[in-house]
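Since the structure comes first, as structure tokens, the remarks are kept for the end.
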Amino acid sequence: MHMLEPIDRDNVKPILFQKTEDLLENFSAHFESSSKQEKFDAFFLANNISLRSDYAKLQQLINPLKTRIVFCHNDLLIQNILYDSNTGKVSFIDYEYAGFNYQGFDIANHFCEYAGVQNVDYSLCPSIEEKRSWIIQYLNFFLQHPPSTEDVEEMMRNSIIFEAVSVFMEKLRSSNHKNRTGISFAIIHYFRPTKIHGILDVIWQRIQPSIL
């Protein structure tokens, strides 16, 4: 999939920012239920969470990255990947969010999806060494030759940022899909782990001096 060539390579742009803008525009922080409104306000105010601010940080982290723009699935949860044990072939389904995007985003999104959807558990995500092994195999196929250590480590570094982006988008998407009166507070449940909010501060502190 990532090796598909666009008709006009010079005019290809990643859909990441436009998709995120659309999700933010559709997100509402207002609820018909007063009790839910109170819980929502208390959580976000207490944790000083601003979705727009976090998104701006993510943009600043992404812009300097050296990552290819390829045709991406953009929703690589396990259920969308089919493996035929008889032929050894892998197929993908559900292309609702597909489009040209940052290569690193699709990979990081796949890593994040190991945590699950209903009962999120980030301990189920691949370890650092498992990610490195996966990336080496991926780049070996994508580049059609063994990757350099620099290629592997660059994708590893990029993965940290794109994992935060992936989780950020997924939880916005999840909340936007909920009925406003029946929302089960997916947005609060998903933003509670440091995977999103806390990780942004950590990433920002580590990378900011080198990109500004």
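Counting from 1, position 40 in the sequence shown corresponds to residue 1261 in this note's numbering; the numbering is continuous, with no gaps.
Even glycine gets a Cβ: it sits at the ideal position worked out from N, Cα and C.
Beyond the five residues adjoining it in sequence on each side, SER1380 comes within less than 8 Å, by CB distance, of GLY1325, ILE1328, ALA1329, PHE1332, LYS1352, ILE1356 in the same chain, given in chain order.
Scanning its chain for C-beta atoms nearer than 6 Å, with the 5 sequence neighbours on each side dropped, one finds around GLY1320 the residues ILE1236, in chain order.
For ILE1283, the closest C-alpha among the options VAL1233, ARG1394, GLU1391, SER1387 is that of SER1387.
Counting the other Cβ atoms within 10 Å of the Cβ of ILE1382 gives 16 or more, which makes it buried. Residue ranges of uninterrupted beta strand (DSSP E) with 3 or more members, entirely inside the segment 1288-1362 and ordered along the chain, are 1290-1293, 1302-1305, 1310-1313, 1320-1323. Of the candidates ASN1232, PHE1238, ASP1229, the residue whose Cα lies closest to the Cα of GLN1280 is PHE1238. Here TYR1304 is exposed: its Cβ has fewer than 16 other Cβ atoms, across all protein chains shown, within 10 Å. Per DSSP, reduced to three states, the secondary structure at LYS1234 is coil, with no helix or strand assignment. Per DSSP, ALA1267 is one residue of the alpha helix (DSSP H) stretching across 1255-1267. In the three-state DSSP reduction, PHE1389 falls in the helix class (H, G or I).
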